[in-house]
Amino acid sequence: MDNSRDRMYSLADDANTLKEAAADADPEFGTWGPFLGALVGIAYSSFVSWQVNSLMEDVPAAIEAHGIRLDACARAYQETDDDIAAQMEIVQSSLDEVAAAVQQAQIC
1 MDNSRDRMYS LADDANTLKE AAADADPEFG TWGPFLGALV GIAYSSFVSW QVNSLMEDVP
61 AAIEAHGIRL DACARAYQET DDDIAAQMEI VQSSLDEVAA AVQQAQIC
């Protein structure tokens with residue numbers, strides 16, 4: 001789980017780099033010139049550019065959130081394992097006491 005968490009953090013960094021590259025690749029409004037810019041630029045700016053930027057804005061944070069969840073899950077599993085190990089130690093101690101009592105009873 002720790003490896004998966006670390007990979008998610010790495011992917012979040014990659015997604016952030018991709019977001020920055022997408023923002024850099026986004027053409028300015030006047031890129032297509034005055035006539036074509038009026039036809040294509042308005043449509044592009046109002047739909048495609050907005051969609052790409054808004055979608056890419058949330059991707060790094062969403063991926064990082066999955067990493068945080070994996071980390072919390074791993075810690076919860078570790079706590080459960082520790083609790084089970086502590087309970088097993090109590091059981092083992094009780095069994096050792098019973099075994100010692102039986103051993104002592106057979107000797108006497």
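My numbering puts the first residue of the sequence shown at 1, with every later residue one more than the last.
The beta carbon of each residue, even a glycine, is placed where N, CA and C say it ideally should be.
A quick note: this is a predicted structure, and the numbers were derived from the prediction, not measured.
Can you check which of these residues, the options, is closest to residue i by C-alpha distance?
i	options	result
Glu64	Ser10, Ala43 and Asn3	Ser10
Ser54	Glu20, Thr80, Val91 and Glu97	Glu20
Ala12	Ser46, Val102, Ile68 and Val52	Ile68
Pro60	Ile107, Asn16, Arg7 and Gln106	Asn16
Distance check for residue j and residue i, CA to CA, integer angstroms please.
i	j	result
Tyr77	Leu95	27 angstroms
Ala25	Glu57	15 angstroms
Thr80	Ser4	20 angstroms
Arg75	Leu18	30 angstroms
Val6	Ile84	The question names Val, but residue 6 in the sequence shown is Asp. Their backbone Cα atoms lie some 27 angstroms apart in a straight line.
Leu39	Met1	50 angstroms
Leu36	Ala72	52 angstroms
His66	Asp82	24 angstroms
Ala99	Asp14	59 angstroms
Tyr91	Ala105	According to the sequence as given, residue 91 is Val; it is not Tyr. For Val91 and Ala105, the distance between alpha carbons rounds to 21 angstroms.
Taking C-beta to C-beta, are residue i and residue j nearer than 8 angstroms?
i	j	result
Ala50	Gly41	At residue 50 the sequence reads Trp, which differs from the Ala that was named. It is not a contact, given that the beta carbons lie outside the stated cut-off.
Ala22	Val48	no
Beta-carbon of residue i versus every beta-carbon of chain C: anything under 8 angstroms?
i	result
Ala12	In the structure shown, chain C does not exist; there is a single protein chain.
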